[in-house]
Structure formats: C-alpha cells, structure tokens
Amino acid sequence: MIVTIDTGGTKTLVTSFADNGHMGKPLKFPTPKEPKAYVAELKRVVREHYSDKKVDVIVIALPGIIKNGTAVWCQNLGWADFHASRLLRDLLPGVPVLIENAANLAGLAETRLLRTIPNCSLYVTVSTGIGTGVCTNGYIDPGMR
48 MIVTIDTGGT KTLVTSFADN GHMGKPLKFP TPKEPKAYVA ELKRVVREHY
98 SDKKVDVIVI ALPGIIKNGT AVWCQNLGWA DFHASRLLRD LLPGVPVLIE
148 NAANLAGLAE TRLLRTIPNC SLYVTVSTGI GTGVCTNGYI DPGMR
C-alpha cells in the first residue's frame, strides 16, 4: 500500500492506494500555516488511520521548491527551509517517506497514464497557486529538482 499526501495552500488530502490501484477513503484537513502544526496534524492523521496497515511507502507532495527533501520555499504557505524529510521521516516506523514538488508528481502521474509516454511533457496546475511539472521520457525531469 502507498499512502499519498497532497499538501495544498488551503487543504491537505491524505489517501492510500492498494497494490491493485484501488484508492482508499480520502481524508482532508485544513493545511496549518505553521510547519510545526502541519507536522503534528499529519502525524496524528497518518498514525490514526494507517498504523495498523502494511504501508510500503509514504509520498508527500508539497507546493513549492523542493531540494533533497527540504521545502526551500513554499510561497502560498509562507514556509522557508522546512526540513520535511527530517521532520516527517518517522510518520510510521520503518516506512520510507518520499517528498517531491506537487506539480512534478501530478505531471508524472498524468504522463504515466498516457498510452504512449512522450519524450517530454509539461503539466500546469492552477489551484491556490500555479505550478508546473516537467517530465522527460516518463520521469520527473532532473532539471526541475
């Protein structure tokens, strides 16, 4: 099972996907404005709903510039130098946590759903903010990291 977390400027969505692709019940909470409150709420939700399940990986999408698991800058949240991978690595004991830019992950998902994967694809998201994700040959373009 994969647990996915989509952190937006106003709300955070948490859900899971079974090995067969079946999506679990989505959970939602307002995205806290302070990183410490975000970490606390995310830990509470994930542990409450998934601590008794076999989770293979947790994937967290953040809306901003992400470098090596750190949110360098999340404009809509006002977060700078949020060391997400360090603060969230123990969401569930022994379960790896991957952190990536939200638009990159959305673009990757859309690209992978195509019948033929293009050499290059661009994904634009318009929500609380505007973001772009670029994929090359079906993978997040390294230049976007």
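If you use our numbering, the sequence shown corresponds to residues 48 to 192, in order. Glycine is no exception: its CB is placed at the ideal position from the N, C-alpha and C atoms.
Rounded to the nearest angstrom, what separates residue i and residue j at their Cα positions?
i: T62; j: F76; result: 12 Å
i: I112; j: T175; result: 15 Å
i: Y170; j: I177; result: 11 Å
i: M70; j: G125; result: 31 Å
i: I105; j: R94; result: 12 Å
i: N148; j: D66; result: 23 Å
i: K83; j: N115; result: 19 Å
i: K72; j: F64; result: 9 Å
i: V50; j: A153; result: 15 Å
i: K100; j: A127; result: 33 Å
To which residues of the same chain is residue i closer than 6 Å at the C-beta, ignoring the five residues directly before and after it?
i: I38; result: No statement about residue 38 is possible, as the shown extent of the chain runs from 48 to 192 and does not include it.
i: M191; result: N151 and V181
Sort out for me which residues DSSP pairs residue i with in a bridge.
i: V50; result: S63 and I105
Here's a check: name, in chain order, each residue in its chain whose Cβ is nearer than 8 Å to the Cβ of residue i, leaving out the five neighbours to either side.
i: T172; result: A149, A150, A153, G178, T179 and G180
Given residue i, which residues of its chain have a CB within under 7 Å of its CB, disregarding the five upstream and five downstream residues?
i: P79; result: Y85 and E88
i: H96; result: L74
Are the stretch 155-166 and the stretch 111-122 touching, with three or more C-beta to C-beta distances below 8 Å? no
Report the start-end ranges of each alpha helix (DSSP H) in the stretch 76-138 that is 4 residues or longer and not cut off at the edges. 82-97 and 131-135
Closer than 8 Å is the cut-off here; do at least three beta carbon pairs connect the stretch 81-99 with the stretch 135-147? yes
Do three or more CB pairs link the stretch 179-188 to the stretch 127-136 at distances below 8 Å? no
Going residue by residue through the stretch 145-175, where are the continuous beta strand (DSSP E) segments of at least 3 residues, counting only ones entirely within it? 167-173
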